[in-house]
Structures are given as structure tokens and as C-alpha cells.
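Going by our numbering, the first residue of the sequence shown is number 461, and it counts up by one from there. Only one structure is covered here, and it is reproduced in the block below.
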Amino acid sequence: MKKSAVIFLLVLIIQILASCESAVKKEEPETITSFSSDIFHTAAEAPQCKSMLDYYCNYLYSPVAGGNLEIKRSMATTRILQGETPNQFSQVFYSYSKAKLQNRDLLPKDFQRVLNRHSYFPKLEGFLQRKPIPKMNLSERLIIEQQDFELGSIWSAAFNETVILRMSKKFPGFHTLPEKLIPLEISLEQSRVRRLLITEISKAIWSGNDNWRQVEMTFDKLKLSYLKLIQRLDAPDSLKANWAQRIKDVQLALPGSLPAISNEECSTVKANAYYYTYLNVITVCAGDFNSEDILQTLAHEMGHSLDIDRTAYLFETNSEMGKQVRDLRAQVCKAEKFSCEKWNEFQGKFSDSLSSLDGFQPDLPEFQRCLKRRPTSKALTGEDIKRFSSSMASDRVSQLATSDRFLRITKERIPMPDGSTQKNPNYLNPCSYYLWSQGEEPVNDELTTLMFFTAAYRCSAEAPAQKMRSSIEVAKNMTRQIIEKTLAIEGEFSGLNELESGGYSSPPGERFADVIGSYAMADFLTQLPFQWDRRNKFLAGASWLCSEPSLASHYPDESSAEKEFAFSAHTEGDQRRKELFSQPIREVIGCEKDFQFNECKLPVK
């Protein structure tokens, strides 16, 4: 080979290698601004509490940080990622996308096959390496917009295709049904299949995630702090024992991991957390645990396991009426077990069972009253309760009748729009109309009304129309009586819109969770040996209270005045920041109170 040809080949190889290197560009670690609470006060002076948090929030969303901070502590570093990446992806979207790429092989195989057929993952990798938007020309920006749309379409199409394939295995020929010919019962099963798929995907993406493991460790440690706090309460031993057991029983669930509460947004980029009163489960959304320290979030949600809503729910479900309703459910929702003799027995005991819902006493009533969102101007009388319960029972029955729920339950075959009929898989089974009913519903739930109707209908010997009419009346009357009792239980602390807007009630639940959560968090922080570590940990956990520059952040006093007219369970903005600075928190992080606020103190020894 001639020398010139060899040189040419070498140059060509070098060019190819160079192009490969640029195509597979290594991802450089992102530089994030550092922060520590000691930057705005000296070691000799205690900082002002709210001023410290305000400063932190302003710094977090300053041009130098842009929503992203690295908070230094002696033993650890916490990253707050509430802003954007250098190429203008939201940090939570970027974390979610990277997790999908890292765990692609763990995704459900049928779902994964569809994604691979459309080259989803190589396209996502390329998309994440885009230029910063300010450096794009017009054609590059349009290409990026198209890629964004394409990726979303592929993911949605793969999800829908997987659902159709799974439904076709359950119901042969399902794929031939036009949308309007899908019966409600099969549509409900389709929703179940979708929920299960969300669960499988969420587990695949997040189960081994380092940030989620941190949530689990914090959850376990926080339980211990709550148990220590409960022992210090100035309250009867019976209350302390009850609360301690409730803290031990509360569970943590990976977002999307329980089909009953799976939520696609929570499994992806949503920044929020939830406590499910009836299931006694906490879940922290992926957008939350990937963007901030979750100590305060967990402390708040765990506090709900002790709040008045959970207390009332447990009182009702553990009452004789609660037991009777559970027994009836086991009868009505399993056709082979149903007997009219048992239904007649239930009706005979109904009045006595109702009396078991009397005598409810809220825990720490004066503390609960202090925590009301707004003062209540009217006392709820017996006549008020009768009026509200009658209206609520009528509204419920009206909604059920309007949607043909009573009629559908009673028909063995369902007529289709094309004139054909299909077997009703939920015939005489009201429970099957609820996606994931596990018997956890409260006694005054809509399902209870449908159970009353179904039992009455099955045991009636009247002509069809009169049978329908009288069974609905029985269900309506029994529902009204139960609602009367549960309204009396809720009383001045009810969160029902009808009572709150009328000035009869104000729910303390969210403020309760904030305050008791701050007490438990104070104990948690005492485990950190250095005060500046405690302050930094507190601020890192308060990032959810910080918001991007807005009218509310620029005019906090006027915004707070405006929010007084909003019927929200939470205190808002500036007021909620003050709520978190309970006396134990102020002591443990060593800051001075610099605001006026109606502080509600938990009775502790």
C-alpha cells in the first residue's frame, strides 16, 4: 500500500473516532451552588427564625441558584433540585428520565417490547443531551419540540397498547369493541388493568432508587421520634397507648406501588405526598423525594395518622355499627353467602347499632379548637344535623339514580348500543363497581348505600317497578340515619363544605399535622450533634414552602389576607411558614421568634 494511502486511512480513522466521541458525549457533573445557614449570621448570635427561612427561600430562587442548592452538613450533603438542568429540563423530569433509562430492563416485558419497537430509549438518551435552549437556532428548537412530542406519544401509545393486549387476554375479542360498546363493567376492569400496569412500572423505576431508600430510612427514624414525643404528652395513658399503636401501624408505600392508590403523576414528576386515612398509608411522590429533603414532609404526613379524621374513622369502624356493616358487606358482595334472614337480622339490630355511634370524644379537644382554620360562628344543633343529613342522603341517591347505578346492579344482562346484550359480571354485587374496595370504606360511604339497596332488592317480593322504588327508599332512609350520626361525630371539626361554608365547622387536620409534625421533627433534629447541621437540615426540609418569585412571594401580608377568604384545609404561604416554628423547633435550631402568630402548643410534660 502506498504511503499516501496509509496516511489517508489514518486520517479517516481519526475523524471517525472523533465523530463517535462527539456523538457519545460524556455527561459532565452539574455544578450546583452551595449553601449553609451560617452565611448570614455569626456564631455568637441567634438568627431570627422567619427571617432565616425567608432568606433561604429567596436564595434558593435567586439568579445564582435558580431553584438548585447543595446544602452542606458535617456528615452529609443534601441536594435541593427544584429548578432546571443547564439545558432547561426540570430537575424532577431529568431524574425521572434517567431512572427510566437505568431501569429499562426491569419494566414489564410486554410494555418494554412496545417501547423497544419504537426505539424509545435511544431517542430519550439523545433528547436529554440537547443543547441549552438559548443556544439553539430555530430549526434546532423545532426539532426538539418534535422529539418531545414524539417521546410522550410513544410512552402513551406503549401504555395503551399493553392495556389492550392484557384486556384481550382476559376478554377475547375485546380489541374489536368500539369505545361506545364497552360495558361499564368491562370498562372498570380496564381501569384496574391500567392501575396494575402503573404499579408495575413504578416499582421497576423506583424500587432500588437511592433517594427512595433515604425516604424509607427517614420514615423509620421518624417513627421513633413520634413514639418518644407521645410518651411526653400530658394526656391520659389510654390516649398515649392508642396514639403509639397508630404510629406503629402506619405504613409507607412507594408511589404507585399500591394499585388502590396508584397515581401516574405521583409516580413520575409530581412534588407532593399523601396520607390515606382509610388505608393508614403514606406515599411520597417521586417529584418530591427527587427534589428535596423529605423530613418535614414525612413528619407532616405521619401526623395525619393521629389527627381527628383518623380518630373519627377508627371510632366509627370499630363501633357495633361498623362491625355490622362489615358483616353485611361480606354477605351482599358474595352472592353465594347472601341470605334474607341475615338482612332481616341486620335491619332488626339497626337502631341499636346506630346508638354505638354516639358518645364520640375528640382527642385533646382544646388543642384541636386552637388549630381551627377559622373561628366557627354557629353551633351545630340537632335540627341542623337532620336538615344536612336529609339533604346529603337525597343528593347521593339522586346521583346514583341519575347514573343508573341501581338499575345496573339488578340486571343480569346489559343491553349494548348495537342492540345486543352482554352478561353483567357485576350482577347484584355493588362492591365490584369500586376499583379496589378492600372493606376499608367508612360506614357512611356511598358503597354502604348501594349495599342497603341490593339487600333490600334481593329480599323484596314486590313487582319490579315497586321493588326498585321501595328498595331505593329503604337505602335512602338508612343512609340518612347513618349520616346523622357521623355528622354529629364530625361536629365543629368537620371538613364538609356545607358545614364549613355555613360557619358551623372548621377542620383542624392540616394544622394539627403541621404542629405535631414540628414537635416530632424537633426530636429528630436533636440527634444531630451540631446546631448548624440542625438548621441546615431544617431548611433543606422546608424547601417545599419556598416558591418561585410571584405576587404572593412579593406581597406576603396581602396574600395572607386574601387567602383568609379561601376555604382551604391548609394555612397558606407566610402563615404556614410561621406554623412550623413551634417552640421545640425554635429551641432545637436555636433561632429567635420574629413574628406574631397564634401558636397552638401541644400539651407535653
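Each residue gets a CB set at the ideal place from its N, CA and C atoms; glycine is no exception. No experiment lies behind these values; they were computed from the predicted model shown.
Is DSSP giving Leu-650 helix, strand or coil here?
Reading the sequence as shown, one finds Gln at residue 650 and not Leu. Of the three classes helix, strand and coil, the one that applies to Gln-650 here is helix, per DSSP.
So what's Gly-1050 in DSSP terms, helix, strand or just coil?
Gly-1050: coil per DSSP, three-state reduction.
For Tyr-979, which residues in the same chain have their Cβ closer than 7 Å to its Cβ, ignoring the five residues on either side in sequence?
Closer than 7 Å at the Cβ level, and outside the excluded window around Tyr-979, lie Leu-689, Ser-1042, Pro-1044, Leu-1062.
Rank Val-785, Tyr-521, Asn-886, Ala-759 by C-alpha distance to the C-alpha of Phe-679 and give the top, closest one.
The option with the nearest alpha carbon to Phe-679 is Ala-759.
Of the residues Lys-510, Leu-513, Thr-537, which one's Cα is nearest the Cα of Thr-493?
The option with the nearest alpha carbon to Thr-493 is Thr-537.
Give, in chain order, every unbroken run of the alpha helix (DSSP H) that is at least 4 residues long and sits entirely within the segment 826–877.
Listed in chain order, they are 842–862, 865–869.
Can you tell me the Cα-Cα spacing of Val-574 and Glu-796, whole angstroms?
Cα-Cα distance, rounded: 42 Å.
Determine, using beta carbons only, whether Ile-603 and His-578 come nearer to each other than 8 Å.
It is not a contact, given that the beta carbons lie outside the stated cut-off.
With a Cβ-Cβ cutoff of 8 Å, do Leu-567 and Glu-585 count as a contact?
Contact flag unset, no.
Leaving aside the five residues before and after Arg-655 along the sequence, list all residues of the same chain whose C-beta is less than 6 Å from its C-beta, in chain order.
Result list for Arg-655: Pro-719, Ser-722, in chain order.
Tell me where the alpha helix (DSSP H) around Ile-604 begins and ends.
Ile-604 -> alpha helix (DSSP H) spans 598–630.
Should Glu-1047 and Asp-974 be called a contact, given that it needs their Cβ atoms to be closer than 8 Å?
Not closer than 8 Å, so no.
Please state whether DSSP places Phe-1057 in a helix, a strand or coil.
Coil at Phe-1057, not helix or strand.
If I'm right that Ile-658 touches Glu-725 with Cβ under 8 Å, what's the distance once you round it to whole angstroms?
At roughly 10 Å, the Cβ-Cβ gap does not stay under 8 Å, so Ile-658 and Glu-725 are not in contact.
Where do the N-terminal and C-terminal ends of the alpha helix (DSSP H) with Ala-795 fall, by residue?
Where Ala-795 is concerned, there is no enclosing alpha helix (DSSP H), given that its DSSP letter is neither H nor E.
Can you round the beta-carbon distance between Phe-984 and Pro-967 to whole angstroms, since I take them to be within the 8 Å contact cut?
26 Å between Cβ atoms; not a contact.
Between which two residues does the beta strand (DSSP E) holding Arg-692 run?
Element bounds for Arg-692: n/a, residue is neither H nor E.
Would you tell me roughly how many angstroms separate the C-alpha atoms of Ala-1000 and Ile-540, rounded to the nearest one?
Rounded to whole angstroms, Ala-1000 to Ile-540 spans 7 Å at the Cα level.
Verify whether the separation of the beta carbon atoms of Val-710 and Met-762 is less than 8 Å.
Yes, Cβ-Cβ distance for Val-710 and Met-762 is below 8 Å.
Would you kindly report the start and end of the unbroken alpha helix (DSSP H) that includes Gln-756?
Per DSSP, Gln-756 belongs to the alpha helix (DSSP H) from 755–763.
Straight-line CA distance for Ser-815 to Tyr-556?
If I take the Cα positions, the gap works out to 52 Å.
Would you mind reading off the limits of the alpha helix (DSSP H) that contains Lys-560?
Note, Lys-560: alpha helix (DSSP H), 551–562.
Run the CB neighbour count on Glu-645, radius 10 Å, all protein chains shown included, and call it buried at 16 or more, exposed below.
Under this definition Glu-645 is a buried residue.
Assuming the contact rule is C-beta atoms closer than 8 Å, Met-911 and Val-792 should be a hit. Round their C-beta distance to whole Å, please.
The Cβ separation is near 5 Å, so the contact holds.
For the segment 857–874 against the segment 803–817, are there 3 or more C-beta pairs whose distance is under 8 Å?
No, they do not touch.
What is the rounded straight-line gap between the Cα of Lys-595 and the Cα of Gln-548?
Spanning the two alpha carbons is a distance of roughly 11 Å.
Does the structure place the segment 935–946 close enough to the segment 844–856 that three or more beta carbon pairs sit under 8 Å?
With the cut-off at 8 Å, the segment 844–856 and the segment 935–946 touch.
Using the three-state DSSP reduction, which class does Val-710 fall into: helix, strand or coil?
It is coil, neither helix nor strand.
So Glu-958 packs on Phe-848, CB below 8 Å; how close in whole Å?
That belief holds up - the Cβ atoms of Glu-958 and Phe-848 are roughly 6 Å apart, short of 8 Å.
Does the segment 820–831 come within contact of the segment 764–772, defined as at least 3 CB pairs closer than 8 Å?
A contact exists between the segment 820–831 and the segment 764–772.
What is the DSSP secondary structure of Ile-531, counted as helix, strand or coil?
DSSP places Ile-531 in strand when its eight states are reduced to three.
Here's the rule: buried if 16 or more other CB atoms are within 10 angstroms of the residue's CB, otherwise exposed. What is Lys-708?
Its Cβ having fewer than 16 others within 10 Å, Lys-708 is exposed.
Just reading off the alpha helix (DSSP H) that Gln-991 is part of, what are its end residues?
991–1001 is the extent of the alpha helix (DSSP H) around Gln-991.
Taking DSSP as the reference, what is the three-state secondary structure of Ala-733?
Reduced to three states, the DSSP call for Ala-733 is strand.
With three or more beta-carbon pairs closer than 8 Å as the criterion, would you say the segment 943–952 touches the segment 834–845?
Taking 8 Å as the limit for Cβ pairs, the verdict is that the segment 834–845 does touch the segment 943–952.
When DSSP builds the beta bridges, which residues end up paired with Phe-1067?
Any question about residue 1067 goes unanswered here, given that the chain covers just 461 to 1065.
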